[in-house]
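Residue numbers (the working numbering), protein chains in the order written: chain A, 730 to 1232; chain B, -18 to 299. Note that the Cβ used here is the ideal one computed from N, Cα and C, for glycine as well. On a predicted model such as this, the values are computed, not experimentally measured, just so you know.
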């Protein structure tokens, strides 16, 4: 813990037009520590990482590596200084082999200037052995095609280890698309890297991970440095307080659940799809929040896609308000009042280059038609404004381009579009993934408000605290089957994990 | 200074302004290089020369807006013209000849639309394959030579009739088509669906928009209006030309790009495409009237496209 300082960044400032992204931020990383970088979206974590690794140039400030001042103007400079970043979105050439991806851009050459394949595969093998574990099990001659995110991360780490002088390795949200098992393996690997006396920067939204593997934590807020603490001296709430600068009750008050019998909104019977899910039966009621917990790959999203008519299924029936319905397309699902807030906000939820009003009116264009069946601009504006004020969407006006808003606001646009479309059964798939703590609290509040207003809210989540924090009832899935269906009273994390993980 | 800055920012949000600016610059330049250029007659002549292609530009714009493109338009136009002419020569009544020619365009668009939207084929390859097939059919049908018709007022009506004695039919059609397209895109659910699908097809699908139907509709439009373009052209010059339209695909894509349409789909303005096609033809005609080789127009159109694209990327960057 008291290793030498390998990386020191002092008084870093960086402005973009109209925004001061970093304002006089300093941070130091020691050899053999895992140093967490925390902050809300827009706090400047990624910008700091990009400045340190040469992707952005800083306006002022100084970076030194092992006590020597370092001029870092591009990625190669950073690599030369032994600083490497494992980005969140990994750039891989999917038709090339593992070895080629490791050495991408740095193929070893023979004297004739031709790629030295023998040397490359041999060197790749060496790196595998050095890293051990999952890395050693990979076949370097295989194309990476459909390798999992976890494997791609390993490739990225091997890339970093090509340089013998590697001193600092930075992980940007490394677990956001990993399964629980892969996450576990990543943690082991990080422990291993730490024991090699590397300095490790760890950026994550998931506070539990920070307590799990980090030694120190630096918190940023609005581009400014807040504090650096030893992890063992502080609590979860302390970090949250530092991040938002206020006490935040993430899940809010527990909903007072009406004890009367709730009306069935959605009933699913004998849902099966080979290889995905099997014999799934459940009821979701109006006025409740029903949570679906399980490990990644347990089949929760697939069931929801089946209900919504996005994928076909082998068998099974859906009943809405007690009536059997045949939903084969999303447009039919929407007509029956089902809304689907998908996990992939940018890929499946929003039109990033279109205005807010177009995004909000998209599922229900009929609502903005005038008597002549034509789109009415004034009706659309009114419709969008209602949605925006209802969910407190912070944007200049209804013509603002959706892609310019923060993750939390984007999520609220998607929610608004379904609620405005009069959906009374709303499915949320990982609704808080990748959004900051403040926005999370708002999304939870919205979900509770919807349930209070008598709507049926279904939430698929891989995060236990939120599942326990806001759901009235929790269904646990494992390997495509429902294992447990419980009222959320006096349930503990352990209870749920026990169901979710195979014995 | 502040006003200038605001105007600059505004112009970046409105791609049309860039295009209008280019058109005005071109008009000023050519008025100086040719004394015949800026006269009512020659401006009408330019409009006329741009008119038939402009129908395709409108269709192409719609396909681009939906995130696809159509390379086959030139040969569909040639097919339209040749079919129209050949049937007229064979003695078919003009309306029937026209209906069959236009029906061919719809069929062609339908095939492209179904392939691209239902079977997920690549639009470029699909329409390129169609282009090749039609080129072959055209040569088989005509042996590569122009087909002429005996003078026939009915055959020539749609290409040469003058409304109010001065406004040529092809120009009238151009105005009608662009106004209709503007109306469809701005006021109808179908038009909105094209914007949505082009922006994010997956999100549109989940929001209940019928993506395959929307894309097929866009291709139906390029097919139909390409065939119409060929028919009107054949009527205007009184012959069916198998070599018509070699540059149409590129000209119409150029028009949309110059007019600020995003090649990624979902963003663009029909009037931008309209001015864009005028720009392309003002360059061609202006050069000829100025006594310069019209081959230069490729270079100039290319340069303008280049800058139009540059102006766009700056806009999308944050």
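Residue i in three-state terms, based on DSSP
i                       : result
residue 177 of chain B  : helix
residue -7 of chain B   : Here the model assigns residue -7 of chain B a pLDDT of 47, short of 50, so the residue's position is not dependable and the matter cannot be decided.
residue 298 of chain B  : Its pLDDT being 38, under 50, residue 298 of chain B is placed unreliably in this model, and the value from its coordinates should be taken loosely. If DSSP states are grouped into helix, strand and coil, residue 298 of chain B belongs with coil.
residue 752 of chain A  : strand
residue 116 of chain B  : helix
residue 809 of chain A  : helix
residue 1109 of chain A : helix
residue 955 of chain A  : strand
residue 84 of chain B   : helix
residue 1086 of chain A : helix
residue 1056 of chain A : coil
residue 51 of chain B   : coil
residue 689 of chain A  : Limits of chain A in this structure are 730 at one end and 1232 at the other, which puts residue 689 of chain A out of reach.
residue 1118 of chain A : helix
residue 290 of chain B  : helix
residue 743 of chain A  : strand
residue 1074 of chain A : helix
residue 300 of chain B  : Residue 300 of chain B lies beyond the range of chain B shown here (-18 to 299); nothing can be said about it.
C-beta atoms of residue i and residue j nearer than 8 Å
i                       : j                       : result
residue 256 of chain B  : residue 162 of chain B  : no
residue 90 of chain B   : residue 204 of chain B  : yes
residue 765 of chain A  : residue 933 of chain A  : yes
residue 213 of chain B  : residue 154 of chain B  : yes
residue 60 of chain B   : residue 118 of chain B  : yes
residue 1030 of chain A : residue 1072 of chain A : yes
residue 236 of chain B  : residue 93 of chain B   : no
residue 86 of chain B   : residue 227 of chain B  : no
residue 1181 of chain A : residue 984 of chain A  : yes
residue 1199 of chain A : residue 1176 of chain A : yes
residue 80 of chain B   : residue 229 of chain B  : no
residue 0 of chain B    : residue 253 of chain B  : yes
residue 727 of chain A  : residue 1209 of chain A : Here chain A has residues from 730 to 1232 only, and residue 727 of chain A is not among them.
residue 945 of chain A  : residue 926 of chain A  : no
residue 896 of chain A  : residue 795 of chain A  : yes
residue 828 of chain A  : residue 849 of chain A  : yes
residue 55 of chain B   : residue 182 of chain B  : no
residue 879 of chain A  : residue 907 of chain A  : yes
Per DSSP, the bridge partner or partners of residue i
i                       : result
residue 826 of chain A  : A/872
residue 1014 of chain A : A/993
residue 797 of chain A  : A/794
residue 107 of chain B  : Its beta-bridge partners do not exist; DSSP assigns none.
residue 763 of chain A  : A/929
residue 737 of chain A  : A/757 and A/793
residue 1019 of chain A : A/1187 and A/1202
residue 143 of chain B  : B/149
residue 1000 of chain A : A/1009
residue 128 of chain B  : B/221
Unbroken alpha helix (DSSP H) run spanning residue i, endpoints
i                       : result
residue 1080 of chain A : Per DSSP, residue 1080 of chain A belongs to no alpha helix (DSSP H) and is neither H nor E.
residue 276 of chain B  : Note, residue 276 of chain B: premise wrong, no alpha helix (DSSP H); not H, not E.
residue 211 of chain B  : 192 to 218
residue 845 of chain A  : Per DSSP, residue 845 of chain A belongs to no alpha helix (DSSP H) and is neither H nor E.
residue 1243 of chain A : There is simply no residue 1243 of chain A to check, as chain A begins at 730 and stops at 1232 in what is shown.
residue 150 of chain B  : 150 to 168
residue 1228 of chain A : 1222 to 1229
residue 1031 of chain A : 1029 to 1036
residue 23 of chain B   : 21 to 46
residue 967 of chain A  : 965 to 973
residue 781 of chain A  : 774 to 781
residue 769 of chain A  : Premise fails: residue 769 of chain A is in no alpha helix (DSSP H) and is neither H nor E.
residue 183 of chain B  : 182 to 187
residue 245 of chain B  : Note, residue 245 of chain B: premise wrong, no alpha helix (DSSP H); not H, not E.
residue 692 of chain A  : There is simply no residue 692 of chain A to check, as chain A begins at 730 and stops at 1232 in what is shown.
Segment limits, beta strand (DSSP E) that includes residue i
i                       : result
residue 1157 of chain A : 1154 to 1158
residue 1210 of chain A : 1210 to 1216
residue 231 of chain B  : Here residue 231 of chain B belongs to no beta strand (DSSP E); instead the alpha helix (DSSP H) covers 229 to 239.
residue 950 of chain A  : 945 to 950
residue 1069 of chain A : 1067 to 1070
residue 960 of chain A  : Residue 960 of chain A -> no beta strand (DSSP E), and no H or E assigned at all.
residue 1045 of chain A : 1044 to 1049
>> Report the start-end ranges of each alpha helix (DSSP H) in the segment 882 to 937 of chain A that is 4 residues or longer and not cut off at the edges.
In response: Listed in chain order, they are 909 to 924.
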